[in-house]
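Peer 1: For the sequence shown, the numbering used here assigns the number 2 to the initial residue and increments by one for each residue that follows.
C-beta atoms are modelled at their ideal positions from N, C-alpha and C, and glycine is treated no differently.
Predicted, not measured: the structure shown is a model, and the values here were computed from it.
Submitted below is the structure of interest, expressed as structure tokens.
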Amino acid sequence: MSKKIIFLVIFILLLFGGLFGSKFLQINQAKSSRKPPPPPLVTTTNVTEEQWEDVLLSVGTINPVLGVILSNEIAGIITVLHVESGQSVNKGDLILELDTSTDRANLDGLVAAEKLAQIKFNRQIKLLKNKATSRSSHDEAQAELDIAKAAVISQKSIIDKKRIRAPFSGKVGIRQVSLGQYLDKGTQIAPLVSLSSTIADFAFPERHFAQLSVGQTVKIKVQAYPNEVFEGKIQAINPGLHQETRTIAVRAVVKNPDEKLRAGMFAEVSVLTSGTKPTLTLPETTVLYSTYGENVYVVINKDEKNIVERRTIETGEHRNGRVAVLKGLTRLETVVNEGHVKLRNGLTVTIANLDQP
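Right, dumping it as structure tokens:
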């Protein structure tokens with residue numbers, strides 16, 4: 002009985018051993034038949050050297066060349082409104098009129114007083130010629146006439162000041178007053194700005210002072226029109242530096258024929274200096290941006306294999322889809338342009354553009 006059990010146990014062990022051995026052999030054969038995945042496919046480009054115009058970069062604010070808040074010099078009630086918010090006006094156009102009924106009545110009285118003073122003065126002239134009056138009476142009559150004339154001029158000035166006019170051609174902003182409203186002296190009526198040209202105010206560090214001069218070309222970009230460039234000229238440079246920031250204030254006049262630039266816009270400013278400089282550049286698509294900095298994958302040929310190396314670089318300004326390389330790369334080094342997704346440091350890659358230089 003015990004021999005049968007022993008033979009049965011041996012048989013079972015041999016059976017399971019055969020099964021496990023067969024499975025192990027199948028697994029090893031499957032592993033040996035598998036091919037490693039092909040290297041990732043990438044396109045590359047070379048670091049190139051270009052002659053870029055030497056420019057100074059800054060940021061600033063767009064302001065109108067002419068801009069005021071319209072207000073009244075004399076208090077009164079609005080009787081006529083001549084403009085609406087957003088309306089364009091010419092120099093001298095009426096904006097609004099205040100009530101002048103009392104002022105005109107006073108003017109009529111003053112005009113009458115002037116006429117009477119003129120009659121008295123004319124009479125004194127005749128009497129003086131005939132030596133029928135004294136020089137003193139003649140002088141008093143002349144003084145009364147002068148006072149009467151001055152009173153008329155003053156009253157006319159009051160009436161004229163109650164007719165608010167545009168001091169220059171431009172566009173009226175949002176109106177702050179309504180018909181029939183009583184305006185205290187100095188009440189803000191509406192902003193008025195001239196948009197035919199604008200000014201850009203910006204600043205540069207002290208080290209750039211020698212590179213700046215009046216008349217230099219300035220190029221402006223704003224977020225509202227990212228694909229457009231507005232050109233202008235430096236109009237003025239502050240003679241002194243800001244004591245706290247050690248920066249130079251600069252003002253440029255910028256053409257604005259389509260009235261796209263508006264007061265308060267944030268401006269990216271480029272000032273063109275007279276020369277050019279050799280600059281290493283790359284397509285913007287080659288650079289990877291992260292919280293740790295800017296990186297590219299450099300392709301290195303090693304043992305007839307193309308291996309990528311992740312490298313940290315420092316970039317500068319952007320122009321027409323290319324970016325200046327300040328540190329980290331040398332001329333003609335090859336970097337990955339497309340296909341970054343599956344890359345890691347030291348990985349072998351296949352270059353899809355071997356026919357390209």
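(1) By the 10 Å Cβ neighbour count, where 16 or more other Cβ atoms means buried, how is A149 classified, buried or exposed?
(2) Short of 7 Å in beta carbon distance, which residues of its chain neighbour V326, apart from the five on each side in sequence? Order them along the chain.
(3) With T287 as the anchor, note down where its beta strand (DSSP E) starts and where it stops.
(4) Suppose the cutoff is 6 Å on Cβ atoms and the five residues either side in sequence are ignored; what does the same chain contact list for Q217 look like?
(5) With a 10 Å radius around its C-beta and 16 neighbouring C-beta atoms as the bar for buried, classify E115 as buried or exposed.
(6) Taking just the CA atoms, how far does P227 sit from V342?
(7) Report the three-state DSSP secondary structure of D185 (helix, strand or coil).
(8) State yes or no: is the C-beta of R136 within less than 8 Å of the C-beta of L146?
(9) Pull up the distance between the alpha-carbon of Q156 and that of S86, whole angstroms please.
(10) Which first and last residues belong to the alpha helix (DSSP H) in which G171 is found?
(11) What runs of the beta strand (DSSP E), each 3 residues or longer, lie entirely inside the stretch 58-82?
(12) Looking at C-alpha atoms only, which residue of I249, T45 and K328 is the closest neighbour of N307?
(13) Quick check on the burial criterion: 16 or more other C-beta atoms within 10 angstroms. Buried or exposed for G77?
(14) Tell me whether the beta-carbon of I249 lies closer than 8 Å to the beta-carbon of V215.
(15) Which value, in whole angstroms, describes the spacing of the CA atoms of Q357 and G68?
(16) Alpha carbon to alpha carbon, how far is N338 from A353? Give it in angstroms, no decimals.
(17) Going by beta-carbon coordinates alone, are D104 and I159 separated by less than 8 Å?
(18) What are the boundary residues of the alpha helix (DSSP H) that includes F122?
(19) Below 8 Å between beta carbons: does that hold for G1 and V43?
(20) Does DSSP classify E145 as helix, strand or coil?
(21) Could you check the C-alpha separation between V219 and A268 for me, to the nearest Å?
(22) Which residue's Cα is closest to the Cα of V84: D202, L57 and A167?
Peer 2: With the structure as the only source:
(1) The residue labelled residue 149 in the question sits at position 148 within the sequence shown. The residue is buried, with at least 16 neighbouring Cβ atoms inside 10 Å.
(2) Residue mapping note: residue 326 aligns to position 325 of the sequence shown, counting from 1. Excluding the 5 residues flanking it on each side, V326 has same chain C-beta neighbours closer than 7 Å at V48, L281, T282, L283, I314 and T316, in chain order.
(3) Position 286 of the sequence shown holds residue 287. First-last for T287: undefined, no H or E at that position.
(4) Mapped onto the sequence shown, residue 217 falls at position 216. Within the same chain, and ignoring the five residues on either side of Q217 in sequence, the residues whose Cβ sits closer than 6 Å to its Cβ are I235 and V272.
(5) Taking the first residue of the sequence shown as position 1, residue 115 is located at position 114. It counts as buried.
(6) The residue given as residue 342 occupies position 341 in the sequence shown. The residue given as residue 227 occupies position 226 in the sequence shown. Each residue's Cα considered, the two are about 29 Å apart.
(7) If you number the sequence shown from 1, residue 185 lands on position 184. Coil at D185, not helix or strand.
(8) Numbered from 1 along the sequence shown, position 135 holds the residue referred to as residue 136. Numbered from 1 along the sequence shown, position 145 holds the residue referred to as residue 146. It is not a contact, given that the beta carbons lie outside the stated cut-off.
(9) Looking up residue 156 in the sequence shown gives position 155. Looking up residue 86 in the sequence shown gives position 85. Computed Cα separation, rounded: 31 Å.
(10) Position 170 of the sequence shown holds residue 171. Run containing G171: none in the alpha helix (DSSP H); it sits in the beta strand (DSSP E), G171 to V173.
(11) Complete beta strand (DSSP E) runs here, min 3: 77-82.
(12) Along the sequence shown, read from residue 1 onward, the residue named residue 307 stands at position 306. Measuring from the Cα of N307, the nearest candidate turns out to be T45.
(13) Indexing the sequence shown from 1 puts residue 77 at position 76. Residue burial is scored here from C-beta neighbours: G77 has at least 16 other C-beta atoms within 10 angstroms and is therefore classed as buried.
(14) Position 248 of the sequence shown, counted from the start, is the residue given in the question as residue 249. Position 214 of the sequence shown, counted from the start, is the residue given in the question as residue 215. Cβ atoms of I249 and V215: not closer than 8 Å.
(15) By one-based count along the sequence shown, residue 357 stands at place 356. By one-based count along the sequence shown, residue 68 stands at place 67. Any reading at Q357 is ruled out, since the residue's pLDDT is 49, under 50, leaving its predicted position unreliable.
(16) In the sequence shown, the residue the question calls residue 353 occupies position 352. In the sequence shown, the residue the question calls residue 338 occupies position 337. If you take the alpha carbons of A353 and N338, they lie about 11 Å apart.
(17) To locate residue 104, count along the sequence shown from 1; it is residue 103. To locate residue 159, count along the sequence shown from 1; it is residue 158. A contact, by the Cβ cut-off of 8 Å.
(18) One-based indexing of the sequence shown puts residue 122 at position 121. Unbroken alpha helix (DSSP H) run through F122: S102 to K130.
(19) No answer is possible for residue 1: it lies beyond the span of the chain, which begins at 2 and ends at 358.
(20) On the sequence shown, position 144 is the one that residue 145 refers to. Of the three classes helix, strand and coil, the one that applies to E145 here is helix, per DSSP.
(21) As a working note, residue 219 is residue 218 in the sequence shown. As a working note, residue 268 is residue 267 in the sequence shown. Between the alpha carbons of V219 and A268 lies a distance of about 11 Å.
(22) Working through the sequence shown from its first residue, we reach residue 84 at position 83. The residue among D202, L57 and A167 with its C-alpha nearest the C-alpha of V84 is A167.
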